[in-house]
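Data first, discussion second: the structure below is written as structure tokens.
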Amino acid sequence: MREPPCSVNLLDGKTKEMGRRKASWSEKLVAALLCKGDLAEDELDAEPCSTKNLFRFASPWERFFFAVGIICAALSGILMPLNTVFSGMVADVYLKAGDDAAGDEDVLDRVFVILYLYAGTAALQFIFSLIQQYLLLSATNSLVNKLRREFVSTVMRTEAASLDATSAAGKMSSLLNENVDKVRNGLGEKIALVVRGMGMFLLSIGLSFFYNWKVTLCLIPLGPACAIVMGLMGKYSSSSLKEQMDASTTAAAVVEESIMNVKTVAACNGQEDMVKRYSTFLSISSRLGAKIGFINGFFEGAFFFTIYLFSIASLLIGVPDVHNGGAEAGSVIVAFGCILLGTYYLGTVGPFMMALLKARIAAALIYRIIDEASAREEVEETVEKLRGAVTFEAVHFKYPTRETPVLKGLSWKVESRQTIALAGHSGCGKSTTIGLLSKIYEKSRGTILVDGKEISTIDKNILRRNIGVVSQEPCLFNGTIRENITLGRVWNGDGSEEERIKEVTRIAQATHFIEKHENGLSTVVGDGGISLSGGQKQRIAIARAIFMDPSILILDEATSALDVQSERKVQEALNEASIGRTTIMIAHRLSTLKKADVIYVIDKGIVAEEGSHEYLISQGGIYARMAEKQSLCVEEERKTKTREDKPFNHSLDRHSSLRSLLCDRAKSPLGDDLPSPLSSSKSTFLRLYSHGHTRQILSTVIFAALRGLEIPYYIVLMGLLYAALNAPPTEYWPLLITFCVASILMGVAVWITLTGAYYYSGLCSEGVMARVRETILSKVIHTNAQYFDHPETSNATIVNDLNQHAGALIAGLDHRMVLFVWCTSSFVTCLAFAIVAKWQIGLMGLAASIVFFLLLVGLFYLMTIFMEKESRTSRTAELAMEILEQVRTIQIMAVEGYFERKYENAQEEVKALTRKVTVVQSLIYALTQASAFFFGLIAFAAGAEYVYEGELSPLNLYLIGISIEFCGCCLSFINPTFPDLVRANSAARILYTYFDLPDEIDAGEDKAELSGEFAVTNVDFAYPTRPDHKVANQLSISASSGESIALVGASGCGKSTLIGLIERFYEQSAGTIKLDGIDHRKISMHNLRSQIALVGQEPVLFQGSITENILLGCDGDLSLDDVRAACSMANASTFIEDLPEGYDTNVGSKGRSLSGGQKQRIAIARALVRKPKILLLDEATSALDGESERIVQEALGRAAEGKTSIAIAHRLSSIKDVSRIYFIEDGSVIECGNHEELIDLNGKYASYVNAQSLDQ
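Shown next as structure tokens:
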């Protein structure tokens, strides 16, 4: 049974008022100890979630592993104070022996009995630590994998309204990557270290009571005092932590949309704008990082000052008691040392408690998504097979992100096996009906019936399995063509799937281009189907839609990306596929709707007209006017001309092109100047120190190194204590006063150094990482398109690397660096002290250190190998991003289960490597935790012999012994940073490969003012990953300044490739492209693109306001009036001004709050506001209805005055008035002329016109 939802607002991280209750005193104490941060409040909130709630998805075995691991951690913590007990017992033996220890075998024997206890405890510590670490890491890895699966599964099953409200993909991806990693970081060894610290502290109190209750009573208040200090640290840092997480989440979303749409960003010269947006959120995170660092350092310093303060009070009672005969000297040393060391260890768990707090905050954010989805359980009637009759009765609907309703009483119906069509202007609500029919959205009012049953009573998965959808923007997944068609679904279960696949690909006119691939159906299509052209992707989507023989087939602009001939063939195939099923067609291209039994014309959210095509034409209403604008008047009698009569004719061998502007990601190597992240980079996290912030880094190192002198100073204090206890009763007070003053000074020094170290580490870690991240994003989005063709540097891979590995790389600069420098400083000074005091024993300690160091280096090397191999092998991050990006497509096809299995299988692939990393990491942990006992054993064993021989005094033995023992303690303290530093090193190898990308070479003419004349002459081009397939083959076109031309041809013939060459996404292998007679490669890319505007086939908008999207990449001298003018020309101003927030309306992730046609008009306005000299229109009006297309076409005609325009279109009505039309086939021009000339020619273009004409 699920626990109550954690009430955390996903967007702002603020705590809601629900679920608040009075906190008991015990809850407040636990909250303080666990750094909950609400100690001073009278009420507890549901967020951060409880520590117990972190384990809510753990299985019984995982809970058992956690329980045993935590018990072992507690036992390990109980053993840790024993080294202080043993060293105190050794001191007590020598204090009792006085000056007669030399040559006394009885003293030597008693010391060696204690050393046997040292050895046994060291072995137990190793065993407990090994078991603890292995069980906790294994359980944590399993639990985190389960949490990832649960999160991904939940998002796939979450209502679209909730996803819209969270700007789904970008923030969901960040929640998964960053916050799940925080949960991992807070569990496992971190929670064990907290438990160990608690165990040490409690046993220290017990041992102190056993040895000297008076000293212990003075130190008892130290525990609550320290708890209060640590609780205050959590209280004052938790709000800043939540703000920092929100800023990081938003920054991650900026990275994702920038890199996933890198060509749009480049075409708009928007690289710097995106980097600035990224920098804005990173700067917020940096500022909060410094604040959090100061808070943590201040309160942790106060914690240690409190320890020193209470230690003075205890010894002012304990030392006089010894000299008064009330206690033995050894009991004071043991009691004081135990509780001081226990409290000291408790103080070192501050960062681990903070990691636990971060884990609880992160878990609350994740659980909110999971709980909100799981709270909406539906009681639904099971329906096996639907007939397909659908009725909409007075349906109202409003998107959650908009104020204005989309549907205002929509009514229409379709009988079983009937074909209907929905027509109307962009944004009228046609595509919205698909979301309602497939239960992606829930209606506000009205009735939707399927087979006479209210849709709310029908199981959504059963419903969706009876619906096949081909949407306006086809979505394919990274995998083979076969996998994209079946998506894990089984046809009949009789092994006939292969025949069914071949049948549906034949129906969708996809067989020809599939067979031209070497691997056929096993061809990998890449992220988003990037290896296929738009038309090819559409045909695969059509094949997928009809694979399972759905009862209802929905075609939402299903042929919009196809050329005329393919459209005609596919339309015939779809007509055939429609037999026996209900078909609902949505299209702006009205030639595709003529065969529909009934056409419903939707206007302003209601049905304005209905009837057959002929009837609606005869009525002269909205539909008739739309049809009139699209009709091409084709003369009945055409002149027959021979090929020699053509104005332009190339008869060349044909080379098939399977590419569009987005190219194939075949597994071929990158160019030498474009390294892959998997290349053998020599970078380490040490490069972090070369990115400026030198003063802050040096300040951090200095403060941390000074803090490292605390342990040697403590050894000196213990010498003063030993001397005070060994002094005559009349001479101990000066020594004790000196001890007290020195302790106060040490406490103040520790407070200052910790505050400084944490503050500067927070400042420089966030600052340096912000610079690294900004530089990487800038370099990546300035890199040419060839780089993204490689599977190892795909867009999704780079996004994952930048968002995920940057968090690991920061370990080289944050509090973990402070701990590393502090422990290293302490280790070196303690070892140096031992060497100076007795070089023979010091060298033994050095030899032991070298052996331990070599062991650790070998284990670290193994761990690095396993971790890097795990990183290379794992596909989970890329797969999760793909799922989150395409969640609606997954939902509407009801294939959530398939992707759940696919994600789980991807996790299983790396389990063996993860287990190896866990084993090595556990060995490292166990060795370092037992090191204090091993080092103490060596030092006291050797020193006892020297005391026996009379070559060393007992005082010096004690000081040397605890000095070398502290060398082992330093290894124990520093151990938690080792795995993080290894991950940082691995992250550096990946991230610095992007960082080291060559700077964009853009040394061309920066001030060239173009008139718009251009000429493409004999251009050859093949994508670098497929050099044997020419996409452009002796391609030649030209246009004078201000002239409008158009490119026509089948999907994949090379039209969009030419656009990419003009934009310099790629460079031709032969031939020239000249603008105003200048080779376009001699014009700087920024200058070139500032005078060229591109409107692509699939409009891309970014999170932000409409104004921000339109002004992306502009120089800054444009005003809101310019934006309004551009929107007016693009026929967008009316619907924008009808929105409640007008031009300040946030378009949402990927522009989801707008319809396809509205997004396209915003994209056109973005092009027009630049006042370009050359307009590149790649299906610029494909998403518009007939009336909007006419108006926009007229606007583009006005905007093109004085400009050169190149249009690519399958809808030939949009290009019939251009000056010249080039018909391209297989990368070459085979026909050229204006519309009338090509009609007279009666060739390929004329056949396209015939197929598309509405007058036939």
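Numbering follows full-length UniProt numbering, with no gaps: position 29 of the sequence shown is 29. We put the CB at the ideal spot given by N, CA and C, even for glycine.
Validate contact between the segment 259–274 and the segment 1104–1117 using beta carbons, cut 8 angstroms, 3 pairs: yes
Span separating the alpha-carbon of D789 from that of T783: Taking the first residue of the sequence shown as position 1, residue 789 is located at position 789. Taking the first residue of the sequence shown as position 1, residue 783 is located at position 783. Roughly 12 angstroms separates the two Cα atoms.
Check whether L555 and L574 have beta carbons under 8 angstroms apart: Within the sequence shown, numbered from 1, the residue matching residue 555 stands at position 555. Within the sequence shown, numbered from 1, the residue matching residue 574 stands at position 574. In contact: L555 and L574 (Cβ atoms closer than 8 angstroms).
8 angstroms Cβ cutoff met for A247 and Y278: The residue labelled residue 247 in the question sits at position 247 within the sequence shown. The residue labelled residue 278 in the question sits at position 278 within the sequence shown. No; because the gap between Cβ atoms is not below 8 angstroms, this pair is not in contact.
Alpha-carbon to alpha-carbon, D1240 and R638: Counted from its first residue, the sequence shown places residue 638 at position 638. Counted from its first residue, the sequence shown places residue 1240 at position 1240. With a pLDDT of 39 at R638, under the threshold of 50, the modelled position of this residue cannot be trusted; read the value that follows with caution. In a straight line, the C-alpha of R638 is about 6 angstroms away from that of D1240.
Where I440 sits in the DSSP three-state scheme: Within the sequence shown, residue 440 is the residue found at index 440, counting from 1. Coil at I440, not helix or strand.
Cut-off 7 angstroms between Cβ atoms - residues of its own chain near F1135, not counting five sequence neighbours on either side: As a working note, residue 1135 is residue 1135 in the sequence shown. Closer than 7 angstroms at Cβ, skipping near neighbours: G427 and Q1158.
G424 versus Y623 - alpha carbon distance: Taking the first residue of the sequence shown as 1, we reach residue 424 at position 424. Taking the first residue of the sequence shown as 1, we reach residue 623 at position 623. The straight-line gap from Cα to Cα measures roughly 8 angstroms.
Contact between the segment 844–862 and the segment 768–783 (3+ Cβ pairs under 8 angstroms): no
Buried/exposed call for I737, threshold 16 Cβ in 10 Å: Counted from its first residue, the sequence shown places residue 737 at position 737. That one is exposed.
Bridge-paired residues (DSSP) for T391: Looking up residue 391 in the sequence shown gives position 391. DSSP output for T391 lists K413 and L449 as bridge partner(s).
Nearest to residue 1281 (by Cα), restricted to the options I810, S1040, S1056 and Q418: The first residue shown for the chain is 1 and the last is 1256, placing residue 1281 beyond what the model contains.
Nearest-angstrom Cβ-Cβ length linking A704 and V818, presumed shorter than 8 angstroms: Here residue 704 refers to the residue found at position 704 when the sequence shown is read from its first residue. Here residue 818 refers to the residue found at position 818 when the sequence shown is read from its first residue. Yes, A704 and V818 are in contact; Cβ-Cβ is about 5 angstroms, under 8 angstroms.
Sufficient close CB pairs (3 or more, under 8 angstroms) joining the segment 76–90 to the segment 117–132: yes
Helix, strand or coil at S238 according to DSSP, with G and I counted as helix: For the purposes of this step, residue 238 is taken as the residue at position 238 of the sequence shown. Residue state, collapsed to three classes: helix.
Beta-bridge partners of F304, as assigned by DSSP: Working through the sequence shown from its first residue, we reach residue 304 at position 304. Beta-bridge pairing links F304 to no other residue.
S849 in three-state terms, based on DSSP: Within the sequence shown, numbered from 1, the residue matching residue 849 stands at position 849. In this structure, S849 counts as helix in the three-state DSSP scheme.
Pairwise C-alpha distance: Q538 and G528: Here the question's residue 528 lines up with position 528 in the sequence shown. Here the question's residue 538 lines up with position 538 in the sequence shown. Spanning the two alpha carbons is a distance of roughly 12 angstroms.
R983 to R989 span [Cα, whole Å]: Along the sequence shown, read from residue 1 onward, the residue named residue 983 stands at position 983. Along the sequence shown, read from residue 1 onward, the residue named residue 989 stands at position 989. The alpha-carbon atoms of R983 and R989 are separated by roughly 10 angstroms.
Nearest to I71 (by Cα), restricted to the options S1213, L843, G388 and V195: Taking the sequence shown and counting its residues from 1, the one referred to as residue 71 is at position 71. Out of S1213, L843, G388 and V195, V195 has the C-alpha closest to the C-alpha of I71.
Extent of the continuous alpha helix (DSSP H) run through G206: Translated into positions along the sequence shown, residue 206 becomes position 206. Counting along the chain, the alpha helix (DSSP H) containing G206 begins and ends at E189 to Y211.
Residue span of the alpha helix (DSSP H) that contains N726, given as start and end: Sequence index remark: in the sequence shown, residue 726 carries index 726 (1-based). Start and end: E710 to N726.
Residue(s) in a DSSP beta bridge with T1204: In the sequence shown, the residue the question calls residue 1204 occupies position 1204. According to DSSP, T1204 bridges with I1174.
Buried versus exposed, by CB contacts within 10 Å (16 or more), P48: Taking the first residue of the sequence shown as 1, we reach residue 48 at position 48. Looking at its Cβ environment, which holds 16 or more other Cβ atoms inside 10 Å, P48 is buried.
Contacts around N141, its chain only, beta-carbon distance under 6 angstroms, and the 5 residues preceding and following it disregarded: Along the sequence shown, one-based indexing puts residue 141 at 141. Closer than 6 angstroms at Cβ, skipping near neighbours: T914.
Where E614 falls, given that 16 or more other Cβ within 10 Å makes a residue buried: Mapped onto the sequence shown, residue 614 falls at position 614. Label assigned to E614: exposed.
Cβ-based burial, Q619 [other Cβ within 10 Å; buried from 16]: As a working note, residue 619 is residue 619 in the sequence shown. Burial call: exposed.
Opposing strand residues paired with C1232 [DSSP bridges]: For the purposes of this step, residue 1232 is identified with residue 1232 of the sequence shown, where counting begins at 1. Y1222.
Inter-stretch contact at 8 angstroms, needing at least 3 Cβ pairs: the segment 882–893 / the segment 825–842: no
Option in S1214, G611 and I752 with minimal Cα separation from G301: For the purposes of this step, residue 301 is taken as residue 301 along the sequence shown, with counting starting at 1. Considering only alpha carbons, the answer is I752.
Every unbroken alpha helix (DSSP H) inside the segment 78–124 [4 residues or more]: 82–97
C-alpha distance - Y948 paired with S59, whole-angstrom precision: Counting from one through the sequence shown, the residue named residue 948 turns up at place 948. Counting from one through the sequence shown, the residue named residue 59 turns up at place 59. Y948 and S59: Cα-Cα distance of roughly 58 angstroms.
According to DSSP, residues forming a beta bridge with D1138: Walking along the sequence shown from the start, residue 1138 turns up at place 1138. In the DSSP output, where bridge partners are listed per residue, D1138 has none listed.
Which listed residue (L147, D1178, I191 and P221) has its alpha carbon closest to that of M353: Residue 353 sits at position 353 when you count from the first residue of the sequence shown. The shortest Cα separation from M353 among L147, D1178, I191 and P221 belongs to I191.
Backbone secondary structure at E609 - three-state DSSP: Residue numbering aside, residue 609 sits at position 609 when the sequence shown is read from its first letter. E609 falls in the strand class under three-state DSSP.
Distance between R110 and I333 (C-alpha atoms, nearest Å): As a first step, residue 333 is located in the sequence shown; it is residue number 333 there, counting from the start. As a first step, residue 110 is located in the sequence shown; it is residue number 110 there, counting from the start. Going from the Cα of I333 to the Cα of R110 covers about 18 angstroms.
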